[in-house]
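Data first, discussion second: the structure below is written as structure tokens.
Residue numbers (full-length UniProt numbering): 1 to 135.
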């Protein structure tokens, strides 16, 4: 029963939260984070209100997958994760009940970046944890 509910939540996350987007970031609000280009990257951090967190550039090949499994401490928290190519085009995954659980398949060879956006300015900072797996 629990497994079915988890699978249902993941499917809903992919259906309702993924959309094509072009991501524009304010340079003064970006904080850089190191990421391994393959394998599992553990995430355990605070997202400050109004800030964007940018991971290292990843050189990826068509067909590789980035799997996101990230949760916040409260189901009412809102945050998003974006994966973009060097032109800024990519996909945006918004949290649902304080969770982002999705897989992005790389459409073509190239350099990609992962961004995390915290809550809007004026909101409280939030704590998130989970993994970003790159295969």
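Backbone N, C-alpha and C define an ideal beta-carbon position, used for all residues, glycine too.
If you're wondering where the values come from, they're calculated on a predicted model, not measured in any experiment.
At least 7 Å separates the beta-carbon of residue 52 from that of residue 111. With the rule of 3 Cβ pairs closer than 8 Å, the stretch 38 to 47 does not count as touching the stretch 89 to 103. Pairing residue 62 with residue 106 gives a Cβ-Cβ distance under 7 Å.
Of the candidates 47, 39, 99 and 37, the residue whose Cα lies closest to the Cα of residue 120 is 47. Take residue 83, set aside five residues on each side of it, and the residues of its chain with a beta-carbon closer than 7 Å to its own are 66, 90, 91, 104, 112 and 114, in chain order. Boundaries of the beta strand (DSSP E) harbouring residue 133: 126 to 134, taken from the DSSP string. If you ignore the 5 residues before and after residue 38, its C-beta comes within less than 6 Å of the C-beta of 134, all in its own chain and listed in chain order. The beta carbon of residue 64 is closer than 8 Å to those of 105, 106, 134 and 135 in its chain, skipping five residues each way along the sequence. Rounded to the nearest whole angstrom, the C-alpha separation of residue 116 and residue 98 is 13 Å. Comparing C-alpha distances from residue 54 to each of 73, 72 and 88 shows the shortest one belongs to 88. 100 is the residue among 109, 59 and 100 whose C-alpha sits nearest the C-alpha of residue 75. Taking a contact as a CB-CB distance under 8 Å, the pair residue 128 and residue 71 counts as one, their CB atoms being some 7 Å apart. Cα atoms of residue 49 and residue 86: separation of roughly 25 Å, rounded to the nearest angstrom.
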